[in-house]
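In what follows, a single structure is set out as structure tokens and then discussed.
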Amino acid sequence: MKYYFLKLLFILVIVMTPLSANAKQKLMIVGDSLSAAYGLKQDDGWVKLLQNKYETEQNPIEIINVSVSGQTTGNAVAKINQQLKTISPTHVLIELGGNDGLRGFPVKRLKANLTQLVQSSQQAGANVAVMEIQIPPNLGPRYTSMFTESYQQVTEQTGSYLMPYFMLEVADKPELMQNDNLHPNKEAQPLIRDFMYQEINQWLTK
């Protein structure tokens, strides 16, 4: 009887181990300098801080950050298929468009690129969230409005998830911004981490 019990336990371990391994979620973040810890050590950026939080909680979420400072949506489109093939993420968060907007790129191009990023990720089997980037009103209210609205349009057309912009938490607080007034400083990173912890968890449970 004891031998039978041990044999059954051994079989259960073999069967359950792959299930446990497959339960791990792999989140790929495709972003720009705001997610690439621009001007900071990588360990101080919100992405690394969030990964540390998941590990402390023993939450099986692995974050792979492919964000690059200065990246535009067009840059990302050129690399996304290879990244998806190499990483095989279960989830993709797209945090892009700020550099497109600051350079005054056509909104039509922004929408086309965002759509391509979402569809490529979905075709690779990933769930996708797109962060609703907002830009300063330097280029006029019409461009600014069309720019922001494009994010909701893309998510509605592709069935992806629209995520709020984390910079709204810190951008209007000079003490949380670097000297360029564009990038959050070290003190802002834990606040962004906490914001993204809530938003990502909400997305993952959808």
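Numbered according to mature numbering (1 follows the signal peptide of the UniProt record, and there is no 0), the sequence shown spans residues -23 to -1, 1 to 183.
Even glycine gets a Cβ: it sits at the ideal position worked out from N, Cα and C.
Contact defined as beta carbons within less than 8 Å: I believe VAL131 pairs with VAL107. What is the distance between those atoms, to the nearest angstrom? As a position in the sequence shown, residue 131 is number 154, starting the count at 1. As a position in the sequence shown, residue 107 is number 130, starting the count at 1. Indeed they touch by this definition, with Cβ atoms about 6 Å apart.
| Would VAL61 pass as a contact of ILE38 if the rule is Cβ separation under 8 Å? | Counted from its first residue, the sequence shown places residue 61 at position 84. Counted from its first residue, the sequence shown places residue 38 at position 61. It should be pointed out that residue 61 corresponds to Leu in this sequence rather than to Val. Cβ distance not < 8 Å, so LEU61 and ILE38 don't count as in contact.
>> By alpha-carbon positions, which one of GLN93, ARG86, PHE82 ends up nearest to ILE71?
In response: Position 94 of the sequence shown, counted from the start, is the residue given in the question as residue 71. Ranking the options by Cα distance to ILE71, first place goes to GLN93.
Range of the contiguous alpha helix (DSSP H) that encloses VAL43: Locating residue 43 in the sequence shown gives position 66, where the first residue counts as 1. Looking at the DSSP string, VAL43 is not in any alpha helix (DSSP H), and its letter there is neither H nor E.
Exposed unless 16 or more other CB atoms sit within 10 angstroms - verdict on LEU73 = The sequence position of residue 73 within the sequence shown is 96, counting from 1. LEU73 is buried by the Cβ-count criterion.
With distances taken between CB atoms, is the gap from VAL7 to ILE57 smaller than 8 Å? One-based indexing of the sequence shown puts residue 7 at position 30. One-based indexing of the sequence shown puts residue 57 at position 80. Closer than 8 Å, so yes.
Taking all protein chains shown into account, decide if ARG86 is buried (16 or more other Cβ within 10 angstroms of its Cβ) or exposed. Within the sequence shown, the letter at position 109 stands for residue 86. It is exposed - the Cβ of ARG86 has fewer than 16 other Cβ atoms within 10 Å.
If you follow the alpha helix (DSSP H) that TYR31 is in, where does it begin and where does it stop? Within the sequence shown, numbered from 1, the residue matching residue 31 stands at position 54. Element bounds for TYR31: 23 to 33.
Next item on the list: Can you grab the Cα-Cα spacing for the pair GLU164 / ASN29, in whole Å?
Entry: Position 187 of the sequence shown, counting from 1, holds the residue named residue 164. Position 52 of the sequence shown, counting from 1, holds the residue named residue 29. If you take the alpha carbons of GLU164 and ASN29, they lie about 17 Å apart.
Quick one: is GLY75 buried, meaning 16 or more other Cβ sit within 10 Å of its Cβ, or exposed? In the sequence shown, residue 75 corresponds to position 98, counting from 1. GLY75 comes out buried.
**Inter-residue Cα distance where the pair is GLU126 and GLN96** = For this step, residue 126 is matched to residue 149 along the sequence shown. For this step, residue 96 is matched to residue 119 along the sequence shown. If I take the Cα positions, the gap works out to 19 Å.
_Proximal residues to LEU181 (C-beta, below 6 Å), its chain only, five neighbours per side dropped_ = On the sequence shown, position 204 is the one that residue 181 refers to. Contacts found: none.
**Message:** Let me check understanding here. Comparing Cα to Cα, which of ALA13, GLN129, GLN111 lies closest to THR121?
**Reply:** Numbered from 1 along the sequence shown, position 144 holds the residue referred to as residue 121. That would be GLN111, whose Cα lies nearest to the Cα of THR121.
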